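The sequence shown begins at 50 in the working numbering and counts up one residue at a time. No residue lacks a Cβ here, since even glycine has one placed at the ideal position from N, Cα and C. Fair warning: this is a prediction, and the values are worked out from it, not measured in the lab. These notes concern the structure reproduced below.
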Amino acid sequence: MDGVLVREEDPIPGAKEFIATLREHKIPFLVLTNNSIFTPRDLRVRLLRSSGIDVPEESIWTSALATAQFLDDQRPGGSAYVVGEAGLTQAVHDIGYVMTDQDPDYVVLGETRTYSFDAITRAIRLINGGARFIATNPDPSGPSAQGMLPATGSVAALISTATGRQPYFIGKPNPLMMRSALNRLEAHSETTVMIGDRMDTDIISGLEAGMRTILVATGATERHEVANFPYRPTRIVDSIADVVPLVSEFHLREDI
Numbered sequence: 050m051d052g053v054l055v056r057e058e059d060p061i062p063g064a065k066e067f068i069a070t071l072r073e074h075k076i077p078f079l080v081l082t083n084n085s086i087f088t089p090r091d092l093r094v095r096l097l098r099s100s101g102i103d104v105p106e107e108s109i110w111t112s113a114l115a116t117a118q119f120l121d122d123q124r125p126g127g128s129a130y131v132v133g134e135a136g137l138t139q140a141v142h143d144i145g146y147v148m149t150d151q152d153p154d155y156v157v158l159g160e161t162r163t164y165s166f167d168a169i170t171r172a173i174r175l176i177n178g179g180a181r182f183i184a185t186n187p188d189p190s191g192p193s194a195q196g197m198l199p200a201t202g203s204v205a206a207l208i209s210t211a212t213g214r215q216p217y218f219i220g221k222p223n224p225l226m227m228r229s230a231l232n233r234l235e236a237h238s239e240t241t242v243m244i245g246d247r248m249d250t251d252i253i254s255g256l257e258a259g260m261r262t263i264l265v266a267t268g269a270t271e272r273h274e275v276a277n278f279p280y281r282p283t284r285i286v287d288s289i290a291d292v293v294p295l296v297s298e299f300h301l302r303e304d305i
């Protein structure tokens with residue numbers, strides 16, 4: 050989402066047209082984000098109000114939703130101590146989990162703008178007591194209007210240092226998030242394209258999930274940095290605006 054469709058609250062030129070073209074041709078798609086703060090409903094409203102980009106709620110897939118699905122698959126009806134905001138707590142609640150700080154099956158760490166020292170301390174003690182450690186994503190920092198903020202990966206590192214236990218990260222670049230998205234779309238990797246702005250999360254996760262990949266040069270990874278990585282995207286474009294004609298082109302080929 051960020052770096053491909055928007056920068057902070059501002060739309061990237063071509064983003065509205067890209068989503069509109071997908072919807073016009075009835076091409077299934079998901080907008081993915083490692084941000085676990087907001088629910089899909091929150092994100093839809095934020096995109097529409099700030100950027101004028103209309104993405105249906107059901108077309109937004111967050112690391113919080115992927116994490117909740119993982120928990121439900123692994124241990125249905127379990128319990129968790131959750132450090133995070135509404136996007137994560139609602140996703141965990143919706144799968145029928147009990148959220149508790151008394152002997153939970155999991156400690157689940159997500160992103161929040163107000164990390165509490167008391168909550169982190171409690172998470173450390175629960176992990177030391179035997180709770181399994183899950184984190185929504187490994188991103189060490191995130192953007193804000195005031196500048197960079199510590200994100201889930203940084204706080205996970207703090208907890209890991211204190212406990213000696215490493216979390217299992219669900220979000221990108223874990224291809225698990227890609228596979229859960231493909232399942233949600235009922236799509237096959239060979240007929241799906243991953244579009245992202247980061248080589249170290251978006252492109253590698255798409256690659257490892259067997260998808261073709263497109264890197265847009267409007268976000269974290271600049272064109273000249275691609276050569277530093279041992280893998281390459283299928284295609285590099287200046288922005289999402291360059292992908293709009295490709296959507297129509299491939300749609301016509303499928304019709305033929």
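Query: When Arg124, Pro187 and Ala140 are compared against Arg181, the one with the closest alpha-carbon; Result: Arg124
Query: The segment 246-255 touching the segment 212-225, judged by at least three CB pairs closer than 8 Å; Result: yes
Query: Neighbourhood of Gly196 by C-beta, 8 Å cutoff - its chain only, sequence neighbours within 5 removed; Result: none
Query: Cβ pair Thr70, Val275 closer than 8 Å; Result: no
Query: As assigned by DSSP and simplified to three states, the class of Phe67; Result: helix
Query: Buried/exposed call for Tyr155, threshold 16 Cβ in 10 Å; Result: buried
Query: Boundaries of the beta strand (DSSP E) in which Gly52 is found, first to last residue; Result: First-last for Gly52: undefined, no H or E at that position.
Query: Where Gln151 falls, given that 16 or more other Cβ within 10 Å makes a residue buried; Result: exposed
Query: Sequence-distant residues of its chain with Cβ nearer than 8 Å to Asp91 (five each side left out); Result: Ala135 and Gly136
Query: Contact belief for Thr161 with Val132 at Cβ below 8 Å, rounded distance in angstroms; Result: 7 Å
Query: Cβ separation of Gly259 and Glu235, assumed to be a contact under 8 Å, to the nearest whole Å; Result: With 8 Å as the limit, Gly259 and Glu235 do not qualify as a contact, their Cβ atoms being about 16 Å apart.
Query: N-terminal and C-terminal residue of the beta strand (DSSP E) that Ile176 is part of; Result: From DSSP, Ile176 is part of no beta strand (DSSP E) but of the alpha helix (DSSP H) over Phe166 to Asn177.
Query: Continuous alpha helix (DSSP H) stretch holding Ile208: start and end; Result: Thr201 to Thr212
Query: Sub-8 Å separation of Ile285 and Ala266 beta-carbons; Result: yes
Query: Residue environment, Pro282, which counts as buried when at least 16 other CB atoms sit within 10 Å; Result: buried
Query: With 16 other Cβ atoms within 10 Å as the buried cut-off, status of Ile76; Result: exposed
Query: Range of the contiguous beta strand (DSSP E) that encloses Arg93; Result: Per DSSP, Arg93 belongs to no beta strand (DSSP E); it is in the alpha helix (DSSP H), Pro89 to Ser100.
Query: With 16 other Cβ atoms within 10 Å as the buried cut-off, status of Gln118; Result: buried
Query: Where the beta strand (DSSP E) through Gly261 begins and ends; Result: As written in the sequence, residue 261 is Arg, which differs from the Gly given in the question. Unbroken beta strand (DSSP E) run through Arg261: Arg261 to Val265.
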